[in-house]
Amino acid sequence: MLIDRFVDGKAHNYTRQSLSQITKPRSARIVSRGRTPSPNHPMQTYPTLRSSLSLYLLVLPTLFLLAIFSFVPVMMAFYNSFYEYEVGGERTWVGFQNYIDYLTADPTAMVSFVNMALLTLMAIVIRLTIPLVVAKLIHTLPNERHRYLYRLAFLIPTVVPVVAVQLIWGSLILGETGLINTLLENLGYEDLAHGWLSDPNTALIALACIGFPWITGFEVLIYYAGLSNIPESVHEAAQLDSATGIKKFLLIDVPLVLSQIKLIFMLVLINGIQGFELIFILTQGGPGFETYVPGLWMYENAFSFQKMGYASSIGVILFVVIFMLTLLNMKYFKSAEDMQGQ
Amino acid sequence: MPIFTYTFRVLLLIGAAYLLWPPQEEDVADNSLERVLNRPVPAQAKIVFEFFPGNDYMPGLLPPTATEKLRGFLDVAEAFEARFPDTAIRFRQASAGREWVVTQLAGGTAPDILSTNVEDVWQDVHKGWYLPLDEYLEAPNSFVAEGAPGAEQWWDQFIYQAISRGKAAPDGKMYNLTYNMVETGILYNKTALDLLRVDYPETWAEMMTMLERIQANPFAQLMAELNLPFPRTPEEVVEAAHLATNPNIAGTFNRQGIKYPETVREWHTFHTLAQRSSVVPMLTNAGSIADWGTDLLFDQLYYNILPGIDLKQDPKREPYLEGYLDWDEICFLNQKGFFTKRDPRYWELYRLLKEWRRTWNKSLSGDARRGGTDLYKEFINQRGIMMWGGSWHVNRLINDPDMDFDWDVGYLPRIEPSAEWLKMTVQDFLDTVLPPNQRPDPPVSSLDMARTVDQYLRYVGPLPMPRDKSLYASDVDMCVIGGAAIQYTVTNSAFNDTGDPKTSKKLERVIQFLQFATLPEYSDPVVNENPVHIPNIHGVPITRVLEPFTRILERRYTTTKWMFTFDNRYNRVYERMLLLYLEDGITLDEFMDWQTDNLAAAAQTIIQRKKLNFDGFEKRWKELAPLRAEMTGIPEFVDR
Amino acid sequence: MRRTPYLQHSLLLIGVVLTLVPFYFVISNAVRSNNEIFRSPFGFPQALTNMVSFTTLSLTGRASEISYVVRISVDDEIVFETRRDGYKAAMRAQWKIMTNGYIYAWEVLRGYMLNSLLVSLTSAVGVLLLGSISAYVFARYRFPGSNILFYVIISVMMIPGILTLVPSVQLVTALDLRNSYTVLILPYIATGQVFAIFVLRSFFRGLSEDLFDAARIDGAGHFHLYRHVVLPLSLPSLSVIAVMNILATWNGFMWPFIVNSDQKYHVIASGLFNMTTGPIADNYSAMFSAYVLASIPLLLLFVYATRPFIQGLSTGAFKA
C-alpha cells in the first residue's frame with residue numbers, strides 16, 4: 001500500500017527538500033557535520049557508524065522481523081518458482097517452465113484474470129462512490145448524536161467477522177431456501193429461483209453482489225474524516241458563489257477528499273487482486289472455473305495439489321501486476337495536497 | 001455523566017473477564033470439549049500419545065445425531081490409563097480435508113492414532129507416513145479372553161471380513177483398522193409414495209417415471225381444482241372420508257393417480273406438498289454425485305466387461321474386491337482408450353447423470369453451510385421426497401421432534417439393460433424405442449437407416465437414447481460404495497520415541513490401546529452413543545434403526561472409487577466440471593473433452609510419481625483379447 | 001439550516017435497513033431453536049412471542065392457563081413430553097431455548113476469543129512500539145544508510161501478502177514455529193509496523209526541533225525523548241494505527257487457518273471457519289449465536305474508538 005508522501009502540512013516542505021537534496025550530486029549536498037543542531041534542519045546527523053550504533057540498535061528489531069517475515073519469504077518465492085517439487089518429495093529445476101505453463105497451458109489462467117479484473121473493477125467503482133455519498137449524507141446532518149448513531153450502524157458489517165458475513169450471505173441469502181429464492185417464490189417468480197452460486201451464469205455476479213448495499217463502515221469513517229477536514233471557509237466561499245447541493249459536492253468536496261479516495265483505491269485494488277477468501281469459502285472456484293481467481297488457484301496448487309513451485313510462480317506473477325499498478329498509481333494520481341503544493 | 005460512563009466500562013470489563021475466565025474444573029462436566037482437549041498428563045505418565053477418534057466419536061462434541069455430548073472414548077481412555085498408569089492419552093481435533101493430513105504428516109506432527117479415509121492413505125504409502133498393521137492383526141488380541149473371537153487372531157474380531165480385508169493397500173499391506181461400517185442409501189418419504197400409489201421403484205425406469213411424476217407436483221394441481229378440507233385429528237379424518245365417495249373428487253384423484261388420504265399423516269403430507277410451488281423429487285449435491293453417483297453408475301455400465309479388462313488379481317483382496325480396478329489398471333486402460341472420448345460407456349455414464357439431474361434440487365454446489373442446500377432440512381420439511389443420505393441420518397430422523405411423515409430406506413435401483421437395441425436397425429430403433437420428440441441431430445441419412453444401431457454407433461456417430469435405459473447396463477444389482485466408516489491408522493509419529501517400530505514402547509502402547517478399544521465392552525458405548533455407523537466388532541449390539549443398512553452392506557462392492565484413485569487436483573477439477581456440465585454450462589461434448597484431458601493428466605502424474613511399469617499388464621491384456629473380441633461398447637481403434 | 005433534513009434521513013435509513021437485514025436474521029435466528037430454524041428460516045423467534053403471550057396472560061390474571069410443552073427424546077422410540085406449568089417455569093423454558101445456542105457456541109468460541117484478544121492486542125502493542133521507535137529514529141536522525149533502510153522498509157508495503165503466503169508457511173514450518181502464538185503475532189507485527197513507520201515518520205518530522213532541544217539540554221537520552229516528547233504528542237495517530245491494526249488482525253483468516261492446525265491456537269476468524277466443517281455446523285442456532293458473539297468485541301471497540309479514530313485521521317499527520 002503506497003501512500004503519497006507529500007501530504008502533511010508543515011513537514012511537506014522539508015520532505016521535498018531533503019529528497020531533492022539526495023538527488024543532487026554529492027558535492028552539492030548541504031550536510032551539516034557534527035552534532036550542531038540547526039534550527040532549520042530538523043534532523044540530527046551522525047557521520048560515523050560507531051556513533052550511530054545506538055540508532056542501529058533501535059532499528060534492529062524492526063529490520064529483524066521484516067527480514068524474517070517479509071524479505072526471506074519473498075526471495076524464497078522467487079527461488080521456488082524456478083523449481084518444481086512436492087511436499088516431502090524431491091526438487092527439480094525447471095527454469096521458467098512454471099511461468100510458461102501457467103500463462104499458456106493452464107485452463108484457469110485466462111478466466112481467473114478476467115474474473116479478478118471484473119471483481120476488482122466492480123469493487124473499486126462501488127467502494128469509491130457509495131461510502132462517499134453516505135459519508136456526505138451523514139456529514140450534513142446537524143445533530144451530532146444522529147451522526148454518531150449512523151456511523152455506528154454502518155459499522156456493523158465491519159464488526160461481524162468477515163467469515164461470518166460470507167457464510168451468512170452464502171446460506172441465508174443465496175442458498176436454495178435463502179432469502180432471495182424465498183422472496184421470488186412468494187412473489188410468484190419461482191422459475192427465476194435457482195442456485196445462484198452453482199449456476200455458472202450467475203455465480204460470479206452472485207459473489208460480486210455479496211455485501212449489498214456495500215456501505216462499509218470503515219470506508220464511511222475514512223471519508224467522513226476527510227470531509228470533516230474541509231475547512232468551513234471553503235464551504236462558505238462556495239455558498240457565496242452560489243454553488244449548492246450536488247454541484248458543490250462534486251466540484252468542491254470530492255477533490256478535497258482525493259487523498260482519502262486514493263487511499264481507499266489502493267486498498268481496494270490490492271485486496272481485489274490478491275484476495276480470494278470469499279471465493280474460497282463459498283464456491284471454491286465455482287462451477288467449472290467460473291469463479292476462479294489467481295489467488296485461489298495459487299492456494300490450491302500449493303496446499304491441495306502440493307505443487308509448490310507452480311504456486312510460487314503464480315504469486316510472482318501477481319506481485320508483478322501489483323507492482324506495476326502501484327507504480328502507475330504513484331505516477332499518475334496526485335492528491336489534493338500535491339496540487340496545492342504546486 | 002463521566003461517573004456513568006466509567007462505571008459502565010468497568011462493568012463491561014468485569015463481565016468480559018468473567019465470561020472469558022476458564023471455567024472451574026468442578027463446574028464443568030468432564031466431557032466438555034475444552035476439558036477433553038486439555039486433559040492433564042499425570043506426572044507418572046512416561047508415554048503420551050495422541051488420538052483423534054473422528055468427529056463422530058470425539059468426546060465433548062454434540063453431533064446432531066446424538067442426544068447428549070459424547071463421552072464414549074473418554075471413558076475408554078480413562079479405563080486404559082487406569083490399567084497402564086505409565087500412559088496418558090491426549091485427544092486432538094483434526095480439520096477436514098486431505099491438505100491438513102498431508103501437512104501434518106509432512107511435519108511429523110500428526111496424531112499417533114488418526115481417523116482417516118484409507119483410500120487417502122493409499123496415495124501416500126510410499127512416503128512412509130503410516131505403519132502397516134498386518135503383524136499385529138495376525139497376532140492375538142492380548143485383552144481377549146480364551147475362546148472369544150480375537151483370542152487367536154485379532155482379525156477374528158471383525159464382522160465384515162471381506163470389507164475389512166479389502167481395505168489393504170495395493171502394495172498388499174494393511175494400514176488401517178476398520179472400526180465400523182457406514183452405508184449410503186436413499187431415504188424416502190413413504191407417506192408421499194403411498195399417496196402417489198407407487199411402491200419403491202425396482203428399476204431405473206420406474207424410478208425416473210416416479211421422479212418425473214413428483215416433479216409435476218400433482219398434489220398442487222389437485223388442490224387447484226378441488227377445495228379440500230384439512231383434517232388434523234382422527235375424527236376430522238373420518239368426516240373427510242365421506243368426501244371420497246363424491247364422484248367428482250374421486251375422479252380427479254384417479255386421474256392424477258393419487259390415493260385419497262386416510263390418516264392424519266397422509267392428510268398432513270398431502271397438504272404440505274400441495275402448498276408448495278415446487279417439490280424436489282431427489283435431494284442431492286454435486287459432491288455426492290461426483291463421488292457416489294459416478295461410482296454407482298460406472299459399476300452398472302462396466303461390470304459386464306470386467307472380465308476383459310480386469311488385469312490384476314490380488315489374492316489377498318480378491319474375495320471382496322473382486323474386479324476392483326486400482327489406479328495402475330486405470331492408467332493402463334486409459335492409455336488403451338478407456339474412459340476417454342472414445343469410450344462409449346463413458347459417454348453413457350454422463351448422459352444418464354444428466355437425465356437424472358433434471359429431477360434434483362436447483363442448487364447443487366457446495367456444502368449446506370456454505371451456500372449449498374441442506375438436504376436434511378429440505379427432507380424434513382417435505383420439500384424433497386427422496387434424499388441421498390446414509391446411515392448417519394437415521395438417528396437424527398428418529399429423534400427429530402418435527403418428523404411428521406413415515407419414511408424408509410431404499411437404494412438405487414438397477415438399470416435395465418437393453419442390449420437388444422444394438423441388433424435393431426436404426427429405422428426400427430427410431431420408430432419403436434425413441435419417443436417421437438427425440439430425433440437425432442443431424443438427421444440420419446437414408447443409407448444409414450438400414451444399419452444396425454451397433455454399427456451406427458461405432459462408425460457414424462451417437463444416437464439419442466431414452467432416458468431410463470442403457471445399452472450397456474450390465475444387468476446386475478447396484479453395488480455398494482460405502483463400507484468402512486471410521487478407520488484408524490497409526491502414523492509414523494507413534495514410534496518416534498525410538499524411531500524403530502520394533503523397539504518402540506510408545507508404539508506398543510498405541511497398539512494395545514487399539515486392541516483395548518476393539519473389545520466389545522468398550523466398543524459398545526462408543527458406537528451406540530452416536531449410532532450413525534454399523535459396528536464391525538463381534539459382540540457389539542447394533543441399534544435397531546440401522547438394520548436396513550446391514551442388508552445394503554451385503555451387496556457386492558463397487559468396481560472402483562474414482563474420487564480416491566487420483567490426486568486432489570483431479571478430484572477438484574472433476575467435481576467442478578461435472579457441476580458445470582450438470583448445470584448446462586457446457587455440453588456433453590465439451591465435458592468429455594475436459595474429462596479426457598483431466599484424466600490423462602492425472603494418470604500421467606501417477607505414472608511419474610509411482611514409477612509404474614506396465615509390462616505385466618501388456619501381457620495380460622493380450623491374453624484377455626479373445627474375451628474382449630465379443631464385447632460391445634469398447635473404445636474403437638484399440639488393439640483388441 | 002435548522003430544518004430537519006428529511007431527505008438525508010430517509011436515504012440513510014433506507015441504507016441502514018438494507019445493510020442490517022441479514023444481521024437482523026442472524027440475531028433473531030440465534031435465539032431460536034434449531035428445529036424452528038429448519039421449519040422457517042426467516043420467522044420471528046417463537047420464544048419471544050411465547051414470552052409475550054405468557055406475560056399478558058399472567059398480567060390479565062389468567063396465569064393458570066400458562067403451560068408449555070417440552071419434548072425430550074430419551075431413546076430411539078420414546079419422545080418424552082413434559083409440560084411446564086406456571087408463569088415462572090414456562091418463562092424459564094423459553095429462556096432456555098433462547099440461550100441454548102449461545103451456551104453451546106460459547107463453549108467452543110471462548111478459547112478462540114481469548115486467542116483473538118491475545119493476538120490482536122499483542123500485535124497492536126508490538127506494532128505501535130516498534131513502529132514508533134523506528135519512525136522516531138528515521139524521522140529525526142540521519143545516519144549512514146538511513147534513507148536506504150527507510151525505503152527498503154517502505155517497499156515492504158508493496159509486497160502483496162499472496163506472494164509471501166506459501167514461502168512463509170514453509171519458513172515457519174522449518175523454524176518449527178507452527179502451532180504457537182508466536183507464529184500468529186510476529187508476522188502481524190512485521191507487516192503492520194511498516195505502515196506505522198510510514199505514517200509516524202511524517203508526523204514526527206513535523207514536530208518542532210525546539211521541543212527536542214529543550215529536552216536534550218535537560219540531559220535526556222533517546223528513551224526520555226521518546227517517552228516524554230514524542231509519545232504524548234502522537235496519541236491520535238497512534239490510536240488510528242492501533243485501530244486499523246486490530247481490525248486487520250481480528251479479521252485475518254487465511255494465515256491462522258493455514259499455519260495453525262491445532263484447535264487450541266485458532267483465532268475467531270479461522271475458528272469460525274473450522275466450526276463450519278465440524279458437527280456444530282448443523283446446529284444452526286449455535287452457529288448464528290457464534291456469529292453474534294464473535295462480533296461483540298469489535299463492536300465494543302468501535303463504540304469506544306470511533307471518535308479518537310476520526311480525530312486521529314483528521315490531524316495533519318495522517319492525511320494519507
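Heads up: the protein sequence lines correspond to chains A, B and C, in order.
Quick note: the first sequence uses this note's numbering, first residue 1, plus one each step.
Quick note: the second sequence uses this note's numbering, first residue 1, plus one each step.
Quick note: the third sequence uses this note's numbering, first residue 1, plus one each step.
Every residue gets a Cβ at the ideal spot worked out from N, C-alpha and C, and that includes glycine.
* To do: Output the distance between the C-alpha atoms of Tyr148 (chain A) and Tyr224 (chain A), rounded to the nearest integer angstrom.
  => A direct Cα-to-Cα measurement between Tyr148 (chain A) and Tyr224 (chain A) gives close to 11 Å.
* Report the residue from B:Leu364, B:Glu135, B:Pro53 and B:Gln256 whose alpha carbon sits nearest the alpha carbon of Ala203 (chain A). => Nearest option by C-alpha distance: B:Leu364.
* Asked: Quick check: the stretch 370-389 of chain B against the stretch 24-39 of chain C, are there 3 or more CB pairs under 8 Å?
  -> The count of Cβ pairs closer than 8 Å, one atom from the stretch 370-389 of chain B and one from the stretch 24-39 of chain C, reaches three, so the stretches are in contact.
* Asked: Any idea what DSSP makes of Thr277 (chain C), helix, strand or coil?
  -> In this structure, Thr277 (chain C) counts as coil in the three-state DSSP scheme.
* Asked: Expressed to the nearest angstrom, what Euclidean distance is found between the alpha-carbon atoms of Arg227 (chain C) and Thr5 (chain B)?
  -> Going by C-alpha positions, Arg227 (chain C) is about 29 Å away from Thr5 (chain B).
* Asked: Of the residues that make up the stretch 188-205 of chain B, which ones have a beta carbon closer than 7 Å to any beta carbon in chain C?
  -> Hits within the stretch: zero.
* **Interface residues of chain B facing Pro287 (chain A) [CB-CB closer than 7 Å]** => In chain order: Ser365, Arg576, Leu579, Leu580, Glu583 and Gly585.
* Trp347 (chain B) beta carbon less than 9 Å from that of Pro462 (chain B) -> The answer is yes: Cβ separation under 9 Å.
* Could you please give me the residues that DSSP links to Met158 (chain C) through a beta bridge? => Answer is none; Met158 (chain C) lacks a bridge partner.
* Going by beta carbon distance, what residues of the same chain come within less than 7 Å of Ser112 (chain A), once the five residues before and after it are set aside? -> Closer than 7 Å at Cβ, skipping near neighbours: Tyr292, Val293, Pro294 and Trp297.
* Helix, strand or coil for Asp85 (chain C) per DSSP? -> Asp85 (chain C) falls in the strand class under three-state DSSP.
* To do: Return the CA-CA distance between Thr4 (chain C) and Leu13 (chain C), expressed in angstroms with no decimal places.
  => Roughly 14 Å between the two C-alpha positions.
* Asp112 (chain B) - partner residues in DSSP beta bridges -> Bridge partners of Asp112 (chain B): none, in fact.
* Verify the CB distance criterion: does Thr5 (chain B) have a CB-CB separation below 9 Å to chain A? => Not one chain A Cβ lies under 9 Å of Thr5 (chain B).
* Asked: Looking at chain B, which residues of the stretch 299-316 of chain A have a Cβ within less than 9 Å of any of its Cβ atoms?
  -> For the stretch 299-316 of chain A, which is checked against every Cβ of chain B, the residues closer than 9 Å are Glu300, Asn301, Phe303, Ser304, Phe305, Gln306 and Lys307.
* Asked: Looking only at C-alpha atoms, which of C:Leu149, C:Phe44, C:Asn251 and C:Pro256 sits nearest to Met98 (chain C)?
  -> Comparing Cα-Cα distances from Met98 (chain C) to each of C:Leu149, C:Phe44, C:Asn251 and C:Pro256, the minimum goes to C:Phe44.
* To do: Inspect the beta-carbon positions of Asp120 (chain B) and Phe564 (chain B) and report whether they are closer than 9 Å.
  => Phe564 (chain B) sits close to Asp120 (chain B), with the two beta carbons spaced by under 9 Å.
* **Span separating the alpha-carbon of Ile534 (chain B) from that of Glu508 (chain B)** => One C-alpha to the other measures close to 28 Å.
* To do: Enumerate in chain order the residues of its own chain whose CB-to-CB distance from Leu196 (chain C) is below 6 Å, with the five nearest sequence positions on each side excluded.
  => The identity of residue 196 (chain C) in the sequence shown is Ala, whereas the question assumes Leu. Excluding positions up to five away in sequence, the list reads Val127, Gly131 and Ile241.
* Pick from C:Leu207, C:Ser120, C:Leu20 and C:Val166 that is closest to Gln306 (chain A), judged by C-alpha positions -> Gln306 (chain A) has its Cα closest to that of C:Val166, out of C:Leu207, C:Ser120, C:Leu20 and C:Val166.
* To do: State the CB to CB distance for the pair Pro464 (chain B) and Val433 (chain B), rounded to an integer number of angstroms; the pair is presumed to be in contact (CB under 8 Å).
  => About 10 Å; that fails the 8 Å criterion.
* **Paired residues, beta bridge with Leu187 (chain B) - DSSP** => Looking at the DSSP assignment, Leu187 (chain B) forms a beta bridge with B:Met387 and B:Val409.
* In the DSSP assignment, what are the bridge partners of Arg39 (chain B)? -> Paired residues: none, contrary to the question.
* Asked: Quick check: the stretch 266-285 of chain C against the stretch 137-148 of chain A, are there 3 or more CB pairs under 8 Å?
  -> Contact fails: fewer than three Cβ-Cβ distances are below 8 Å.
* Does any residue of chain C bring its CB to less than 9 Å from the CB of Thr23 (chain A)? -> Note that Thr23 (chain A) scores a pLDDT of 40, beneath 50, so its modelled location is shaky; the value from the coordinates is reported in the next line. Cβ-Cβ to chain C under 9 Å: no for Thr23 (chain A).
* Asked: Since Ala494 (chain B) and Val76 (chain B) are thought to touch, with beta carbons under 8 Å apart, how far apart are those beta carbons, to the nearest angstrom?
  -> Val76 (chain B) and Ala494 (chain B) do not touch by the CB rule: their CB atoms are close to 18 Å apart, not below 8 Å.
* Are the stretch 479-496 of chain B and the stretch 546-560 of chain B touching, with three or more C-beta to C-beta distances below 8 Å? -> Cβ pair count under 8 Å is three or more, so yes.
* Asked: Looking at the unbroken beta strand (DSSP E) that takes in Val182 (chain B), where does it start and where does it end?
  -> Where Val182 (chain B) is concerned, the enclosing beta strand (DSSP E) stretches over Asn180 to Val182.
* Quick one: is Gln284 (chain A) buried, meaning 16 or more other Cβ sit within 10 Å of its Cβ, or exposed? -> The residue is buried, with at least 16 neighbouring Cβ atoms inside 10 Å.
* Asked: Tell me which same chain residues have a C-beta within less than 7 Å of the C-beta of Ser312 (chain A), skipping the five on either side of it?
  -> If you ignore the 5 residues before and after Ser312 (chain A), its C-beta comes within less than 7 Å of the C-beta of Ala77, Asn80 and Ser81, all in its own chain and listed in chain order.
* Check the Cβ of Asp402 (chain B) against every Cβ in chain C and list those closer than 8 Å, keeping chain order. => For Asp402 (chain B), the neighbours in chain C by C-beta distance under 8 Å run, in chain order, Asn35, Phe38 and Arg39.
* Contact set for Met51 (chain C): own chain, Cβ-Cβ below 7 Å, skip 5 residues either direction -> A distance below 7 Å between beta-carbons, with the five flanking residues on each side excluded, links Met51 (chain C) to the following residues of its chain, in chain order: Met91 and Gln94.
* **Arg396 (chain B), DSSP secondary structure in three states** => The three-state secondary structure of Arg396 (chain B), taken from DSSP, is helix.
* Might you give, ordered along the chain, the residues of its own chain that have their beta carbon closer than 6 Å to the beta carbon of Leu192 (chain A), omitting 5 neighbours on each side? => So the qualifying residues of the chain are Leu184.
* **Gly649 (chain B) versus Ser391 (chain B) - alpha carbon distance** => Lying outside 1 to 640, the shown extent of chain B, residue 649 (chain B) is not represented and no answer is given.
* **Within chain C, partners of Leu128 (chain A) - CB distance below 9 Å** => Among the residues of chain C, none has a CB under 9 Å from the CB of Leu128 (chain A); the nearest is roughly 16 Å distant.
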